[in-house]
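K.L.:
Position 377 of the sequence shown, counted from 1, bears residue number 377 in my numbering, the numbering being contiguous throughout. Just so you know, even glycine gets a beta-carbon here, dropped at the ideal spot from N, CA and C.
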Amino acid sequence: MDCPRCSSEVPEVSHFCHHCGTDLQSGDAGRKKAYAAKPDEPVASFRLVSTIMPQGAGRQPYTYKVALGIALLLTVVTAALGALPVAIMVAAFAIPIVYILYLYDVNLWEDEPVPVVAAAFVLTGVLAAVFTWLWSDQVGLSLGTIGGNEAGPSGRDLLILVLLVPVVSELIRQVGPLYLASRARYDDLMDGFTFGVVAGVGFACFETLVLHWGWISGGFAGPGSSAGTWISVVVLHGFLKPLIYGSATGLAVAEFSGLGEKYDGFTPRWAAGLLQAMLVNALFHGGVYLLGFVGGHGSTVGAILGVAWGLVLLGGLIVLVRTVLHKGLLEAALESAARGGSNHASGELAFCSRCEMPLLPHSDFCSACGNSVRSVPKSDRGVAVQGSAPAAGYEGTGEMQA
Ligand SMILES: [Zn+2]
Ligand SMILES: [Zn+2]
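1. CB leucine 236 to CB alanine 92, shorter than 8 Å?
2. Quick test of the definition: if touching needs 3 or more C-beta pairs under 8 Å, does the stretch 120-137 touch the stretch 252-267?
3. Is threonine 461 near ligand 1, in the sense that its beta carbon is under 7 Å from a heavy atom of that ligand?
4. Use the C-beta contact count for isoleucine 318: other C-beta atoms within 10 angstroms, 16 or more gives buried, fewer gives exposed.
5. Among Ser299, His19, Val312 and Ser8, whose alpha-carbon lies nearest the alpha-carbon of alanine 287?
6. Look up tyrosine 263 in the DSSP assignment and say whether it is helix, strand or coil.
7. Could you check the C-alpha separation between valine 371 and aspartate 157 for me, to the nearest Å?
8. Please look up how many angstroms separate the CB atoms of serine 342 and valine 373, rounded, as I've assumed it's under 8 Å.
9. State the DSSP-derived secondary structure class of glutamate 331, mapped to helix, strand or coil.
10. Using CA coordinates, which residue listed in Leu325, Leu334, Val10 and Ser367 is at the minimum distance from lysine 32?
11. Can you tell me which of the three DSSP states lysine 38 falls into?
12. Could you check if arginine 363 belongs to the surroundings of ligand 1, using beta carbon to heavy atom distance under 7 Å?
13. Just to check, is the beta-carbon of methionine 357 closer than 7 Å to a non-hydrogen atom of ligand 2?
14. In angstroms with no decimal places, state the Cα-to-Cα distance between leucine 48 and cysteine 6.
15. Beta carbon of histidine 19: closer than 7 Å to some heavy atom of ligand 1?
16. Since phenylalanine 93 is in the alpha helix (DSSP H), which residue starts that stretch and which ends it?
17. Is arginine 31 near ligand 2, with its Cβ less than 7 Å from a heavy atom?
18. DSSP three-state label for glycine 148, please.
19. Should cysteine 366 be listed as close to ligand 1, given that the test is whether its C-beta is under 7 Å from any heavy atom?
20. Taking only three categories from DSSP, how would you classify phenylalanine 131?
21. Which residue marks the beginning of the alpha helix (DSSP H) containing serine 247, and which one marks its end?
22. Is the separation between the beta-carbon of glycine 21 and that of leucine 330 shorter than 8 Å?
23. Is alanine 354 near ligand 2, with its Cβ less than 7 Å from a heavy atom?
24. Using the Cα positions of glutamate 395 and leucine 290, report the straight-line distance between them to the nearest angstrom.
25. Under 8 Å between the Cβ atoms of valine 76 and isoleucine 231?
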C-alpha cells in the first residue's frame, strides 16, 4: 500500500510509515499520542528526560532519572542542614555532570576532536563567569542570597535583569553552539538542540557559582530558620534555571540547524528563536526578582514563589521543546522521503535501538514502534553495520535512491 502522507510504498503490516513516520493504523494525525523521540509518550507532556535528553530516551531512561533524583535529594538535604558551600556546589554541578554523562553515553563527540568541542564550552563558561561578575557586582542585588537589600524593587535593577542580562547572556550562549552546529558533522536538528542545552546548562553553572560565591566562601551556616529559603534557592538555581536556559537556547540553535542536511544558518526562524530565548530569560529573572519581595525581601514565601514561577516557565518550555522536536523530526522525514529516503539504516542489517525490530532500508522511522531514527545516537542508526568504518559514512556516502 502507499503512505497517505508521503506516497511511499509501505508494507501492509507496517504500523508506521518508515519514511515519514505517519501512523498508518490508528489515524492519529500528526501523531499527537506518539512523540517521535519516544512513541509511548504523548507529545504534550511534562516528561523531562525524553525532552532534554531525546537521544538517550530509548536506552537508559532510568539512569538519568535516578542520577537527577539523587542530586536533587542531596542538594535539598545539605541546604536544609545549612551546609551551604556543599549545597551550592552540588546544585551548580549536578545537571552539567548528568548532561555530560548523557553526551558520553550517546557518543555525541564521535570522532570530532574533543578539544574543539571542549573549547567551545570553556569559552561559554568563562564568558558566563565574567559577565555575571560584571553585572552582579554593579547591581549589588541579592537574587535570593542571604540578607540582601531591604528596600523594595528598584527600576534600575529590574531593567538590568529583564534587558541587559537576558540579551547579553543569550548572545554568549549562542556562540559555542552556533560554531559547532555549522560544522558538517553536527548539522542535524537534534545536534543543534543538544549543543544549545549544553551551553545553557554550562552558563547556569558558572552564573550560580559567581552569584552565590558568598555561600561558598561563607562556610557552614548550620540548621536555621532560613532553611526554607536556602532549599528554594538551590532548587531554583541548580535545577530549574539550567533547564530553562538550556531548553530556550536549544530551541534557538535547533532553528539554526534546520531540518535537513546542512545547517540553515541565520534565518528569520533563528532570529525568532533567539528573541524567544531572551524573552524567556527576561520573564525568569524579572519574575524571580519581583516575587522575592513578596512577604518582605528575603522571606521564605518569596523564595518559594520564585521556585513556583520557575516551574511554570520550565513546564511551558518542555511542552514547547517536545512540540518543536516532534514536528521537526516528522517534517525532516517527509523532506527526505521526497528524495527517496534517508541515509540511515542503509546497512543490510539495521535494527531499531528501541524495539529491536529490523529497520527497512532507508528508514527515518521504525515501522514497528514509530521511533525516529534521528532520535537515536548516530552510531545506532544502522549505517555502520556489517564491518563498514564506524560512523564514517553517515553524512555523505549513503547512496540516494532516484
Ligand atoms: Zn509516509
Ligand atoms: Zn522500533
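P.N.:
Once the coordinates are examined:
1. Position 236 of the sequence shown holds residue 236. Position 92 of the sequence shown holds residue 92. No, the pair does not count as a contact, with Cβ atoms beyond the cut-off.
2. They do not touch, by the three-pair rule.
3. No information on residue 461 is available, as it lies outside the stretch 1 to 402 that the chain covers here.
4. Here residue 318 corresponds to residue number 318 of the sequence shown, with the count starting at 1. By the 10 Å Cβ count, isoleucine 318 comes out buried.
5. As a first step, residue 287 is located in the sequence shown; it is residue number 287 there, counting from the start. In the sequence as presented, alanine is not what sits at residue 287; that position holds glycine. The shortest Cα separation from glycine 287 among Ser299, His19, Val312 and Ser8 belongs to Val312.
6. On the sequence shown, position 263 is the one that residue 263 refers to. Coil at tyrosine 263, not helix or strand.
7. Locating residue 371 in the sequence shown gives position 371, where the first residue counts as 1. Locating residue 157 in the sequence shown gives position 157, where the first residue counts as 1. The displayed chain sequence assigns asparagine, not valine, to residue 371. The straight-line gap from Cα to Cα measures roughly 47 Å.
8. Against the sequence shown, residue 342 aligns to sequence position 342. Against the sequence shown, residue 373 aligns to sequence position 373. Right, the Cβ-Cβ distance comes to about 7 Å (below 8 Å), so this counts as a contact.
9. As a working mapping, residue 331 is identified with position 331 in the sequence shown. If DSSP states are grouped into helix, strand and coil, glutamate 331 belongs with the helices.
10. Counting from 1 along the sequence shown, the entry for residue 32 is found at position 32. Minimum Cα distance to lysine 32 is reached at Leu325.
11. Translated into positions along the sequence shown, residue 38 becomes position 38. It is a strand residue.
12. Within the sequence shown, the letter at position 363 stands for residue 363. According to the sequence provided, residue 363 is serine. The question's arginine does not apply to it. Result no, Cβ not under 7 Å from ligand 1.
13. In the sequence shown, counting from the first residue as 1, residue 357 sits at position 357. The answer is yes for methionine 357.
14. In the sequence shown, residue 48 corresponds to position 48, counting from 1. In the sequence shown, residue 6 corresponds to position 6, counting from 1. C-alpha separation (whole angstroms): 31 Å.
15. Within the sequence shown, residue 19 is the residue found at index 19, counting from 1. Yes.
16. Within the sequence shown, the letter at position 93 stands for residue 93. Taken as a continuous stretch (DSSP letters only), the alpha helix (DSSP H) holding phenylalanine 93 covers 84-105.
17. Here residue 31 refers to the residue found at position 31 when the sequence shown is read from its first residue. Arginine 31 Cβ: outside cutoff for every heavy atom of ligand 2.
18. Here residue 148 refers to the residue found at position 148 when the sequence shown is read from its first residue. Caution is warranted here: a pLDDT of 47 is assigned to glycine 148, below 50, making its placement in the model unreliable, and the coordinate value is therefore given only provisionally. In the structure shown, glycine 148 sits in coil (DSSP, three-state: anything other than H, G, I, E or B).
19. As a position in the sequence shown, residue 366 is number 366, starting the count at 1. Checking every heavy atom of ligand 1 against the Cβ of cysteine 366, none is found closer than 7 Å.
20. Residue numbering aside, residue 131 sits at position 131 when the sequence shown is read from its first letter. If DSSP states are grouped into helix, strand and coil, phenylalanine 131 belongs with the helices.
21. Within the sequence shown, residue 247 is the residue found at index 247, counting from 1. Unbroken alpha helix (DSSP H) run through serine 247: 241-257.
22. Position 21 of the sequence shown, counting from 1, holds the residue named residue 21. Position 330 of the sequence shown, counting from 1, holds the residue named residue 330. Going by beta carbons, glycine 21 and leucine 330 fall inside the 8 Å limit.
23. As a first step, residue 354 is located in the sequence shown; it is residue number 354 there, counting from the start. Looking at the sequence provided, one finds arginine at residue 354 rather than alanine. Yes, Cβ of arginine 354 sits closer than 7 Å to a heavy atom of ligand 2.
24. Mapped onto the sequence shown, residue 395 falls at position 395. Mapped onto the sequence shown, residue 290 falls at position 290. Unreliable positioning characterises glutamate 395 in this predicted model, as indicated by a pLDDT of 40, which lies under 50. A coordinate reading is not provided.
25. In the sequence shown, counting from the first residue as 1, residue 76 sits at position 76. In the sequence shown, counting from the first residue as 1, residue 231 sits at position 231. Yes, these two residues count as a Cβ contact at 8 Å.
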